[in-house]
Structure formats: structure tokens, C-alpha cells
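Reading through the C-alpha cells given below for one structure.
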Amino acid sequence: MSPGTALLEVTGLDVFYGDFQALFGVSLAVPPGGATALVGANGAGKTTLLRAIAGAQPPAAGSVRYDGDDLTGAPPHRRIARGVALVPEGRKLFPSLTVEENIQVGAAAAAASDWPLDRIYGVFPMLASRRGQRAWSLSGGEQQAVAIARALAASPSLLLLDEISLGLAPRVVGELYQTLAGLREAGATLVIVEQDLRRAMEVCDDLVCLLEGRVALAARVASVSREQVVAAYFGESSAHEPHRPPNPENPTRTPRLQDPDNPTRTPRLQDPDNPTRTPSPQDPENPTGTPRPQDPRDQERGP
Amino acid sequence: MTGMRPAVDPAAGPGEPGPGAAGPGSPVAVSRWSRSATGFTGVAAVTVVVLAAVPYFAGGPAEAPLITLLTFVAMASQWNLLAGFSGLTSFGQQAYIGVGAYGLYLVASHGVNPFAAIVAAAVIAAVVSLPVSVLVLRLSGGYFAVATLVIAAVFQIVATLSPSVGGTTGVSVPGLAGYDPVLREALIYWATLAVAVLSVAGVYLLVRRTFGLDARAVGSDPVAAASAGVRVGRSRRLAYLVAGGGAGAVGALIALQTLYVEPTSVFSIQYSVYMLFMVLVGGMGTIEGPVLGALVLFGLQEALSSQGAWYLVIVGGLAVIATLVASRGLWGLASDRFGWSLLPVGYRVRPPRD
Amino acid sequence: MSWVNAVIQGLLLGGQYALIACGLSLTFGVMRIVNLAHGDLAVCGAYLALVLSSALGVPVWVTLPLVLPVAFAAGVLLQVLLFGRALRHGELASVLVTFGLSVMIENLLLVKYTSDPRGLPAGALGLASFHIGGQITVSWLFLTAFLTACAVLSSLQLLLSRTSWGRKVRATADDLDTARLVGIRVRPVFAGVAGIAVATAALAGVFIGTIGTFDPYQGTNSLIFAFEAVVIGGIGSLWGTLAGGMALGVTQVVVGQVNQAYAVLAVHLLFLAVLAVRPNGLFAGHRVTREAGALG
Numbered sequence: 001m002s003p004g005t006a007l008l009e010v011t012g013l014d015v016f017y018g019d020f021q022a023l024f025g026v027s028l029a030v031p032p033g034g035a036t037a038l039v040g041a042n043g044a045g046k047t048t049l050l051r052a053i054a055g056a057q058p059p060a061a062g063s064v065r066y067d068g069d070d071l072t073g074a075p076p077h078r079r080i081a082r083g084v085a086l087v088p089e090g091r092k093l094f095p096s097l098t099v100e101e102n103i104q105v106g107a108a109a110a111a112a113s114d115w116p117l118d119r120i121y122g123v124f125p126m127l128a129s130r131r132g133q134r135a136w137s138l139s140g141g142e143q144q145a146v147a148i149a150r151a152l153a154a155s156p157s158l159l160l161l162d163e164i165s166l167g168l169a170p171r172v173v174g175e176l177y178q179t180l181a182g183l184r185e186a187g188a189t190l191v192i193v194e195q196d197l198r199r200a201m202e203v204c205d206d207l208v209c210l211l212e213g214r215v216a217l218a219a220r221v222a223s224v225s226r227e228q229v230v231a232a233y234f235g236e237s238s239a240h241e242p243h244r245p246p247n248p249e250n251p252t253r254t255p256r257l258q259d260p261d262n263p264t265r266t267p268r269l270q271d272p273d274n275p276t277r278t279p280s281p282q283d284p285e286n287p288t289g290t291p292r293p294q295d296p297r298d299q300e301r302g303p
Numbered sequence: 001m002t003g004m005r006p007a008v009d010p011a012a013g014p015g016e017p018g019p020g021a022a023g024p025g026s027p028v029a030v031s032r033w034s035r036s037a038t039g040f041t042g043v044a045a046v047t048v049v050v051l052a053a054v055p056y057f058a059g060g061p062a063e064a065p066l067i068t069l070l071t072f073v074a075m076a077s078q079w080n081l082l083a084g085f086s087g088l089t090s091f092g093q094q095a096y097i098g099v100g101a102y103g104l105y106l107v108a109s110h111g112v113n114p115f116a117a118i119v120a121a122a123v124i125a126a127v128v129s130l131p132v133s134v135l136v137l138r139l140s141g142g143y144f145a146v147a148t149l150v151i152a153a154v155f156q157i158v159a160t161l162s163p164s165v166g167g168t169t170g171v172s173v174p175g176l177a178g179y180d181p182v183l184r185e186a187l188i189y190w191a192t193l194a195v196a197v198l199s200v201a202g203v204y205l206l207v208r209r210t211f212g213l214d215a216r217a218v219g220s221d222p223v224a225a226a227s228a229g230v231r232v233g234r235s236r237r238l239a240y241l242v243a244g245g246g247a248g249a250v251g252a253l254i255a256l257q258t259l260y261v262e263p264t265s266v267f268s269i270q271y272s273v274y275m276l277f278m279v280l281v282g283g284m285g286t287i288e289g290p291v292l293g294a295l296v297l298f299g300l301q302e303a304l305s306s307q308g309a310w311y312l313v314i315v316g317g318l319a320v321i322a323t324l325v326a327s328r329g330l331w332g333l334a335s336d337r338f339g340w341s342l343l344p345v346g347y348r349v350r351p352p353r354d
Numbered sequence: 001m002s003w004v005n006a007v008i009q010g011l012l013l014g015g016q017y018a019l020i021a022c023g024l025s026l027t028f029g030v031m032r033i034v035n036l037a038h039g040d041l042a043v044c045g046a047y048l049a050l051v052l053s054s055a056l057g058v059p060v061w062v063t064l065p066l067v068l069p070v071a072f073a074a075g076v077l078l079q080v081l082l083f084g085r086a087l088r089h090g091e092l093a094s095v096l097v098t099f100g101l102s103v104m105i106e107n108l109l110l111v112k113y114t115s116d117p118r119g120l121p122a123g124a125l126g127l128a129s130f131h132i133g134g135q136i137t138v139s140w141l142f143l144t145a146f147l148t149a150c151a152v153l154s155s156l157q158l159l160l161s162r163t164s165w166g167r168k169v170r171a172t173a174d175d176l177d178t179a180r181l182v183g184i185r186v187r188p189v190f191a192g193v194a195g196i197a198v199a200t201a202a203l204a205g206v207f208i209g210t211i212g213t214f215d216p217y218q219g220t221n222s223l224i225f226a227f228e229a230v231v232i233g234g235i236g237s238l239w240g241t242l243a244g245g246m247a248l249g250v251t252q253v254v255v256g257q258v259n260q261a262y263a264v265l266a267v268h269l270l271f272l273a274v275l276a277v278r279p280n281g282l283f284a285g286h287r288v289t290r291e292a293g294a295l296g
């Protein structure tokens with residue numbers, strides 16, 4: 001894959017949360033129509049990387065180029081207009097909006113209308129029957145579908161998906177991935193963060209493994225074995241126990257007098273210029289709304 | 001610095017630099033004091049002694065402005081405990097100033113020496129603040145702020161409706177007639193000095209102890225503090241009670257100074273305006289800041305007293321600018337620039353000397 | 001005055017409180033700012049209407065098409081120049097800034113207009129009333145204020161629930177970070193909300209000035225009543241704010257029947273009681289709030 005043909009080119013990205021460095025010189029290239037798996041342990045920086053590509057996390061150094069344009073420093077709405085859409089970790093649906101409104105709001109900055117509501121409901125028929133319901137009343141799988149649908153409403157050419165299988169039953173995840181395969185056939189390029197290595201390697205052409213904010217492995221899936229990936233995943237090139245840095249995505253593991261998101265102060269208010277901290281503090285245990293694993297609702301009924 | 005727990009005993013008093021606490025493999029010294037702080041404590045002690053002697057060598061004309069200034073210092077330090085160290089932006093402290101003033105009147109009119117009554121007034125105010133705290137501490141941020149306004153309004157209305165404390169007309173403070181005017185003035189002066197020194201020193205000592213660290217954690221992020229095990233409720237409540245009692249003492253002083261207690265003036269929101277200004281312009285969350293802010297306010301008042309309402313426009317405007325532009329106040333600017341820290345409350349990490 | 005009459009007066013009065021409260025509620029819901037200068041901005045609306053109606057020699061209603069757009073623009077300006085910057089400095093900053101702003105506004109008004117109480121000329125409408133049955137007298141002014149409040153609340157509700165802009169506002173209020181992520185431009189959203197908030201405040205101020213009198217210090221009282229209405233009704237619900245306002249109004253008028261001096265105190269005590277017993281307000285959960293979602 002020659003660099004010139006990459007749709008998405010990330011070069012030397014450094015991202016900090018306050019004093020804490022989450023990404024060290026990360027580089028990544030995704031060809032058009034490709035599917036790249038982004039794997040790594042918790043805290044490795046996968047979500048940070050996706051958010052940086054989407055424009056939610058300004059990098060301290062490095063660049064993000066998309067389809068020839070330099071998007072570094074561009075706000076999310078400009079990236080969406082260019083065709084980059086993120087399905088965020090934890091789904092992050094808007095609780096006071098209905099299913100349909102959640103999807104519609106995804107089109108706020110869309111430059112094209114390749115994905116009108118009908119087409120979206122065609123891909124996710126179960127959502128059509130629930131379009132007027134509040135999003136929180138849906139099952140985990142359905143919520144994930146809404147999150148993907150919301151990103152589709154932006155008519156993206158690059159879809160970034162962050163841990164869409166978290167907390168969902170395997171059958172449900174299988175259906176979601178079938179949908180993704182359909183999207184690929186329709187021409188979309190995908191970057192998928194996935195904890196399930198087997199599924200990641202089944203579905204994707206390329207694989208990038210992050211370890212503690214650095215790229216530990218970047219290869220075509222076909223040319224690398226699962227064992228090699230696992231080794232890169234755990235950093236088992238040396239004998240020492242990998243040090244687990246505090247995870248800014250799950251800060252309750254650290255005593256939070258210094259908040260890695262914003263160490264000098266934690267503005268709980270809405271700051272249009274710097275909303276990188278976790279949303280309003282309804283749930284101190286779960287600030288990013290990361291769904292707890294094994295959502296029982298999905299094991300009992302599917303979408 | 002994140003996650004590095006110094007091996008220093010947090011209860012170590014001033015004058016004891018902490019033993020070098022080692023982070024993994026690096027000889028870094030962590031201390032809670034500084035040389036300039038030792039020097040400053042000495043200077044402060046001397047200043048207090050000099051101030052105490054003022055009635056002897058300077059007399060009345062010097063006492064009056066100093067009384068104003070020292071009252072400002074007391075108010076500013078107390079408000080800083082609330083807003084700067086505990087994140088409680090109360091604009092209703094005048095409720096307790098009023099309670100303190102009326103408390104002094106009530107106690108003094110039962111024959112207690114008016115100066116001893118200051119203590120009683122402070123206690124009364126603190127006691128009153130307890131049930132109030134149960135209500136208002138359910139809120140935080142802006143909602144807490146407005147709730148404190150409501151409380152102050154309620155207290156004012158209650159005073160206005162109470163004939164036993166003179167209703168709208170107010171009452172005059174008894175028990176001072178027997179004093180020689182010069183002595184009375186001096187006694188008021190000393191009482192004010194005592195309250196000011198106690199306020200600054202008291203807030204300083206409170207904040208240096210673990211309470212202080214709790215309060216600062218709570219102030220900057222109650223949610224994070226709670227998840228780290230800080231007892232959020234207790235820290236905020238303690239700050240509110242102490243500030244309430246302190247405001248009561250200030251109210252008692254004001255009653256003694258003006259010899260008259262009347263609802264509109266004693267419950268005036270202007271006190272909160274002053275507190276806000278002093279702490280913001282001086283420096284929130286530091287001990288030195290409010291003192292500096294008091295000096296600035298005092299100077300402004302002297303300079304602008306003829307301007308009427310414009311004075312308050314300027315005071316408000318400067319507070320707004322300070323928040324937006326110099327959020328750590330003048331003292332914060334100075335201490336960032338020059339590294340000054342006269343009354344340190346945090347932990348300083350001194351890098352290894354190579 | 002009969003008790004029935006008092007209750008009806010109180011309910012109508014509630015409309016006025018809801019009108020001043022809805023802007024406060026919006027600002028908090030979307031931007032998480034409690035604008036302590038909100039009441040003062042309402043009073044500014046009253047003074048502006050006064051100046052215009054004297055200068056142009058028209059009844060105060062005619063000045064509204066001028067006052068409201070000016071107020072909207074002032075709100076946008078305040079958001080862009082002040083509130084937006086304050087947000088960058090943390091939650092406390094906006095409380096401190098709006099309080100400082102309140103002090104500035106009140107004292108500027110004092111300088112310009114002195115502390116004399118003023119009233120707005122309402123023309124014939126101000127004095128007219130009609131009767132229902134033998135016992136009930138309703139002043140047209142009170143009724144107009146109430147109906148205006150309902151109209152404003154309905155329009156706001158429609159705006160929020162039926163328009164694409166309203167969707168963006170609700171999404172931003174739910175989760176600012178994600179709203180930005182899905183491409184909503186939050187600065188214009190905030191500016192629009194701030195504009196609406198000040199415009200509704202100014203409208204409320206005009207009614208306050210017409211029905212009663214006003215002076216530079218009226219703002220703090222209005223802020224307190226607005227806040228109490230929001231809290232009693234339940235944060236996050238526009239119609240709850242109306243209910244809260246009506247609770248305030250009824251309390252004030254009914255207690256006032258017994259003893260006017262205690263009317264305002266009774267209102268404050270009602271607020272404190274609700275705070276003690278049902279701090280989420282009487283109508284919380286009326287609308288889906290974020291607590292209802294364990295939603296990721």
C-alpha cells in the first residue's frame with residue numbers, strides 16, 4: 001500500500017490530557033475502501049486516537065490528513081463535512097432525543113445526503129419500528145445500531161467505530177458486523193476498535209496494535225499470526241510486566257485529585273472550545289458512560 | 001506529581017520541612033514550608049504586635065481606617081475558605097453578619113459585656129448556620145449561590161417583622177455607654193484586630209490540615225473527591241459553619257462600630273460584593289490573596305468614595321475582569337511570576353539538586 | 001377579596017414568574033450557567049421600554065418590537081463576550097462573573113436613573129378588569145401576562161421539540177462533548193439560547209414594570225423568584241416552571257390576603273420547604289432527564 005493512495009493518513013500524533021501523554025508519535029494509514037482494526041489493551045490510546053481523528057481531541061504534535069486535505073486542527077463539524085464520522089465508545093446517545101432524532105442530529109454537519117432516513121432504516125429495520133422511542137429504552141444492541149445510524153446520517157466515507165461490541169451478546173455483535181460488511185460493499189472505509197481479536201482479524205484487512213500510546217504492530221492481517229498480535233498487545237517483547245498507566249477513559253481507577261482530563265480545574269460546564277472532559281456528572285462511577293459488560297438485556301432478547 | 005503520596009506527615013507543623021520523600025528512584029524533596037514563609041511568619045508576628053500598639057501611639061485617626069481594613073481582611077479570608085477552598089460561592093454571608101449583629105444586641109441587652117458578646121454572637125451565627133447548611137448544601141454551584149441569596153432575604157424579612165429587635169427601624173447597641181470614648185474606640189479596634197488575625201490564621205491552619213486538602217479537592221471537583229473517598233458532605237459543612245461563625249463575629253463588630261443595628265444595612269448584599277471582589281482580585285484559594293484583596297478594596301474605597309454608585313460599578317467590573325483574565329488574582333500572578341509563597345498550604349516538590 | 005379570587009390571581013401571577021423563569025431555566029439546561037444577572041437584564045428591559053415609550057410617546061406595548069430584538073442581541077453579545085469566556089475558567093467562574101455583572105448593571109442603572117421607583121404606562125389596558133360571577137375580578141393586565149407566558153412557553157417547547165435547531169439544542173444540553181462530535185456547532189447554539197433567554201427576560205421585565213413598579217434593585221428579587229419557580233417546578237421542565245411559578249403566585253396572594261407583610265416570606269419558606277422535602281422539584285421526571293438513562 002503506497003502512502004499516496006491512503007484515504008486517511010495520521011502522522012506522528014502526540015496527544016496529551018493535561019500533563020498525561022496518551023499518544024506518542026502515532027502514525028497510521030488507511031486505504032480507501034479498506035478496513036483497519038485498531039486493537040490494544042485498555043488505556044493503550046485507541047479511543048484517544050479515534051477521537052483525535054474525529055477532531056474531538058486536539059493533538060500537541062503531528063497531523064491528520066484525509067483525502068488529501070490537512071484536517072489537523074479542524075473542528076469536528078468540518079471533518080464530518082469532509083466525510084469522517086465517529087461512532088463513539090459507549091455509544092453516547094442523547095437521552096432526551098428519540099431514536100429518530102438521534103439519527104437526524106447526526107446529519108447536522110453532513111455535506112451530502114447519501115443516507116436519508118429511509119436508507120438507514122433499510123439497514124436497521126428494527127429501529128424503524130422504534131423511531132419514536134426514547135433511546136434509553138432500547139436494548140444494548142439497538143442502541144449500538146442507533147449510534148451507527150447516527151454516524152451514517154452524516155454520509156461518511158470514513159467510519160470510525162469504537163468498541164461497538166462491548167456488552168453485547170455474540171449474536172447481536174454478529175449482526176452488527178454483517179451490517180458493517182454491507183457498508184464496506186457500499187464503499188465505506190472503516191477503522192474499527194475491537195477488543196475481540198478474533199473478530200477483528202476476521203473482518204479487517206489491516207491491523208494496528210497500540211501499546212501504551214505507541215504503535216506496537218502495524219501489518220496486513222493476512223501476513224501476521226494471532227500469536228504475534230497477542231505478543232504486541234501485551235508488550236511481551238521483554239520480560240517486565242507492562243506498566244498500566246492510569247486510564248483517562250476510566251478514571252475511577254485513579255485517585256482523582258489530579259484529573260488527567262483537566263488537572264488544573266475541572267470545569268463541569270459546557271465549554272464549546274474544550275469539551276474534552278467527560279459529560280455532565282450524572283454518574284461518578286461511569287463518567288464516559290462505558291456500558292458495563294454482559295448487558296443482561298442483550299442476552300435475553302436480541303434487537 | 002500525580003499519584004505521588006509524599007511520605008510527609010501532613011500534620012507536621014510549620015518550621016519542619018518534610019523529610020525527603022522518594023518517588024521511585026528520584027531524590028526529590030517534598031516540603032510544606034519555605035524559607036520565605038518562615039521569614040514571613042516573623043514579619044507577620046511583628047506586624048500584629050505593631051498593629052496592636054496603634055492605639056497607644058497613633059490613636060483615633062489611625063484606628064478608624066484600620067478598623068475598616070481589618071474588617072475587610074476578616075471578611076475576605078472567611079469567604080475564601082468558602083469559595084476558594086471549598087467551592088462554595090455563597091453570596092448570602094450577609095445573613096450571618098446580620099445574625100451576628102442582632103445576636104450581639106440580644107446578648108448585650110441581657111447585661112453581657114458587649115465585647116464578650118462578640119464571641120456569643122459568633123457562636124449564635126454558627127449554630128444558626130447548621131440547619132441552613134442542611135438545606136443549602138444540597139445544591140452546588142450557581143444554584144447554591146442563589147439559595148444563599150434566598151436565605152439572606154429570609155433573615156432580613158424576619159428581622160424586619162420582629163418588633164423585639166426593632167423591626168424596620170432597628171435597635172441601638174446597649175452596654176457601651178459606660179466606656180470612655182477613647183477606650184471604647186481602642187477596644188473595638190483590638191477586637192477587630194483579633195477577629196482579623198483569627199480569621200487569617202484560622203483559615204490557614206484549617207486548610208493546612210487534612211481538612212484543607214479535602215476541602216480543596218472538594219472545591220475543585222466534588223465528584224472526583226467523593227470517588228476518592230473524601231467525605232464531601234462534612235468538608236463543605238465544616239467550611240460553611242466556620243464561615244458562618246466568622247461572619248457572625250464580623251457582624252458583631254460592625255454593630256459595635258456603628259452602634260446601631262438595622263435590617264437593610266446589616267443584611268446588605270454589598271458585603272458579598274466586597275467579599276467577591278477581595279477574594280477574586282486578591283487571589284482565590286490562597287491565604288495571602290484575600291489580605292491583598294482587602295488592601296486593594298480599601299484603597300479603591302478611599303479613592304472612589306466620592307463617586308457614589310460608580311464605585312460599585314468599578315468594583316463589579318474589576319471582579320469580572322479578574323475572573324476572566326487573572327483568575328488566580330493579583331497574588332496568584334505574583335506568586336506564579338516570582339515564586340512567592342508566604343503562607344503555603346500545599347506541597348512543594350523541590351527537584352533534586354545536581 | 002374572596003379566597004377563590006385570591007387563588008385565581010395567584011395562578012395568573014404565576015404566569016409572570018414563569019415568564020421570567022424560563023430564560024433562567026434554558027440557560028442552565030443548555031449551558032449549565034446560572035445567570036445571576038438574569039433578573040437585572042429583565043429590569044434593563046423595563047428601563048429600555050420606559051425610555052423608548054417616553055421618547056416616542058407611545059404606550060409601552062408598541063416598544064416591544066424594538067425592545068425584544070435589542071434584548072436578543074444583548075444576550076448573544078453577553079454569551080460571546082462574557083459567558084463563553086467564563087466557561088473556559090470553570091464552573092465557579094460563571095457564577096462569579098454573572099454576579100459581578102449583576103452588580104455592574106444595578107449600579108449603572110442607579111447612576112443613570114436613580115433609585116426612584118418607576119412604572120411603565122400601560123394605557124387603558126392597565127386599569128381594566130372584568131368580572132366573573134360575583135366574586136371574581138380579573139385584571140386584563142394579569143390575564144395578558146399569563147397568556148403571554150403560556151404563549152412563550154408553548155413556542156419554546158415547539159421550537160425545542162419540532163425544529164432541527166431545537167434538536168441541536170437538546171442534544172447539546174444532554175451531552176456537549178458528543179454534540180460537538182456529531183458535528184453540531186455549539187457556539188451558535190449557545191448564542192441563540194442566550195439571546196432567547198435575555199429576550200424572554202426583557203419581556204418579563206416589561207410586564208413587571210407595567211403591573212408594578214421597578215427600580216435598579218428589582219433585579220435581585222426577580223432573580224430569586226425566577227430561581228424559586230425553576231427549583232419548585234423541577235429543573236429541566238419548561239411547563240414545570242409554570243407550575244412552580246403558579247405555586248409561588250398562589251402562595252404570595254393567598255398569604256397576602258391574611259397579612260401582606262408575610263407574603264414574600266411565605267414564598268421563600270415554600271421554596272425552602274420544597275428544597276428540604278423534594279429537592280428535585282415537584283415535577284421532576286416530568287421530562288426525561290439524564291438520570292433516567294443508564295445510557296452510554
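Chains as they are written, first to last, in our numbering: chain C, 1 to 303; chain X, 1 to 354; chain E, 1 to 296. For every residue, glycine included, the Cβ atom is placed at its ideal position computed from N, Cα and C.
Taking 7 Å as the cut-off between beta carbons, the residues of the stretch 54-83 of chain C near chain E are 54, 56, 76, 77, 80, in sequence order. Not flagged as an interface residue toward chain E: residue 116(C), since no C-beta distance is shorter than 8 Å.
Flagged as an interface residue toward chain X: residue 104(E), by a C-beta distance shorter than 8 Å. For residue 77(C), the secondary structure class from DSSP, reduced to helix, strand or coil, is helix.
202(C) is the residue among 202(C), 84(C), 26(C), 211(C) whose C-alpha sits nearest the C-alpha of residue 225(C). The DSSP-derived three-state label of residue 103(C) is helix. Cβ atoms of residue 55(C) and residue 35(C) stay farther apart than 8 Å, at about 21 Å. Closer than 8 Å to the CB of residue 181(E) there is at least one CB belonging to chain C. In the three-state scheme derived from DSSP, where H, G and I count as helix and E and B as strand, residue 163(C) is classed as coil. Minimum Cα-Cα distance from residue 284(X) among the listed residues 176(X), 332(X), 134(X) corresponds to 332(X).
When C-beta distances to chain E are compared with 9 Å, the residues of the stretch 99-110 of chain C below that value are 101, 102, 104, 105, 106, 107, 108, 109, 110, in chain order.
Contact annotation: residue 93(X) and residue 271(X) have beta-carbon atoms nearer than 8 Å.
Annotated three-state conformation of residue 209(C) is strand, per DSSP. One Cα belongs to residue 135(E), the other to residue 5(E), and the distance between them is close to 7 Å.
Residue 77(E) holds the alpha-carbon nearest to the alpha-carbon of residue 188(E) among 122(E), 77(E), 265(E), 256(E). Using a CB distance cut-off of 8 Å, residue 187(E) does not count as an interface residue toward chain X.
In terms of Cβ geometry, residue 193(C) and residue 47(C) form a close pair [threshold 8 Å]. In the DSSP assignment, residue 72(X) falls outside any beta strand (DSSP E) and within the unbroken alpha helix (DSSP H) covering 60-79. If you ignore the 5 residues before and after residue 80(X), its C-beta comes within less than 6 Å of the C-beta of 279, 290, all in its own chain and listed in chain order.
Of 193(X), 166(X), 286(X), 186(X), the smallest CA-CA separation from residue 48(X) is found for 193(X). Not a single C-beta of chain E is nearer than 8 Å to the C-beta of residue 239(X). Across the set 97(X), 62(X), 37(X), 59(X), the C-alpha of 97(X) shows the shortest separation from the C-alpha of residue 246(X).
Look at residue 36(C) here: in three-state DSSP terms it is strand.
At least one C-beta of chain E is nearer than 8 Å to the C-beta of residue 96(C).
For the C-beta of residue 91(X), the chain E residues within less than 8 Å are, from N- to C-terminus, 36, 99.
For the pair residue 10(E) and residue 252(E), the CB atoms are nearer than the 8 Å cut-off. Straight through space, the alpha carbons of residue 53(E) and residue 62(E) are spaced by roughly 8 Å. Using a C-beta cut-off of 8 Å, the stretch 92-110 of chain C makes contact with the stretch 143-155 of chain C, since at least three inter-stretch Cβ pairs fall below that distance. Within the stretch 117-153 of chain E, the complete beta strand (DSSP E) segments at least 3 residues long are 129-132, 136-139, listed from N- to C-terminus.
In terms of beta-carbon proximity, residue 52(E) stays away from the interface with chain X, with every pair separated by 8 Å or more. With respect to chain E, the C-beta atom of residue 154(C) has a partner C-beta closer than 8 Å. In terms of Cα proximity to residue 24(C), the closest of 215(C), 220(C), 235(C) is 215(C).
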